[in-house]
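Residue numbers for the sequence shown follow the numbering used here, so the first one is 383 and each next one is one higher.
C-beta: ideal position from N, C-alpha, C; glycine also.
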Amino acid sequence: LYRWQRKMIVSRSEIDKFPVVIIGPPRSGSNVVCRHIATDLNLPWFNDITYVDKSEFVKFSEFIQTSDQYVVKFHAMDLLDYPELLIDKINNNQSYNIKIVRKNKVEQLASVYLAEIRKTYTYDRLNLDMYADEIIKIEKMRLARCLNRMHKNYLELENLKVSFDKVVIYEDYIYDSGSVLTPKPKNYDDLLNLITQDTRNI
383 LYRWQRKMIV SRSEIDKFPV VIIGPPRSGS NVVCRHIATD LNLPWFNDIT YVDKSEFVKF
443 SEFIQTSDQY VVKFHAMDLL DYPELLIDKI NNNQSYNIKI VRKNKVEQLA SVYLAEIRKT
503 YTYDRLNLDM YADEIIKIEK MRLARCLNRM HKNYLELENL KVSFDKVVIY EDYIYDSGSV
563 LTPKPKNYDD LLNLITQDTR NI
């Protein structure tokens, strides 16, 4: 799908305050949602800025001193790592807050596990061939740690004292042709089966 074929998540007419803040757990599609909203609204966007070079965080902190016209995305557990100016806007309902979640927690956990095994959270369409014949090692203890981390992220998200203006469900969102979903290894079904058998209440 191209931009004009994809329904906008939010239109500028819906938004009565800025910045647009997106909060979600890992592997919820929040990166793509952030990019799409920023593109649709023609705004600069900042994605998990606490994980990038420190100079980029400084630039972000300086930028928000003079403008609230931007889109920012982060995980709930990282909220307190952001500038106080942004935190105050969020807590005082002065930003347009979007929560993003997934219905299918089994596939989400599989995506978290794959990201940890591969040590990457982003993919380029040009390097997808390297995963075509991949068979990953499935380790129960490592999977358990990923599940624990995912639980903590969801718990932190649900416990936020934040008023959300919109909730986006991963499975209901239409990703366009520029989006690269997590490539699946050849033994992906084995991973899903183990998650289904060995985990409860995810």
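**Item:** L461 burial status per 10 Å Cβ neighbour count (16 or more: buried)
**Value:** buried
**Message:** Rounded to the nearest angstrom, what separates I446 and D571 at their Cα positions?
**Reply:** 44 Å
**Asked** Within 10 angstroms of its Cβ, does S374 collect 16 or more other Cβ (buried), or is it exposed?
**Response** Examination of residue 374 is not possible in this model, given that the chain is present from 383 through 584 alone.
**Per DSSP, cross-strand counterpart(s) of Y478** = V402
**Prompt:** Would I599 pass as a contact of Y478 if the rule is Cβ separation under 9 Å?
**Reply:** Here the chain has residues from 383 to 584 only, and residue 599 is not among them.
**Prompt:** Rounded to a whole number of angstroms, what is the C-alpha to C-alpha distance between D470 and H457?
**Reply:** 17 Å
**Asked** Since V453 and I404 are thought to touch, with beta carbons under 8 Å apart, how far apart are those beta carbons, to the nearest angstrom?
**Response** 7 Å
**Prompt:** Relative to the alpha-carbon of I499, which residue among K481, V392, P567 and W427 has its alpha-carbon at the smallest distance?
**Reply:** P567
**Request:** Note the first and the last residue of the continuous beta strand (DSSP E) segment covering V550.
**Result:** K548 to I551
**Request:** Please name the residue or residues paired with V454 in a DSSP beta bridge.
**Result:** V403 and F428
**Asked** If we call anything under 9 Å between Cβ atoms a contact, is E576 one with I520?
**Response** First, the amino acid is wrong: residue 576 is Leu here, not Glu. Going by C-beta atoms, L576 is nearer than 9 Å to I520.
**Asked** What residue does the alpha helix (DSSP H) around L462 start on, and which one ends it?
**Response** From DSSP, L462 is part of no alpha helix (DSSP H); its letter is neither H nor E.
**Asked** Once you ignore the five residues that flank N475 on each side, which residues in its own chain have a CB closer than 6 Å to its CB?
**Response** S545
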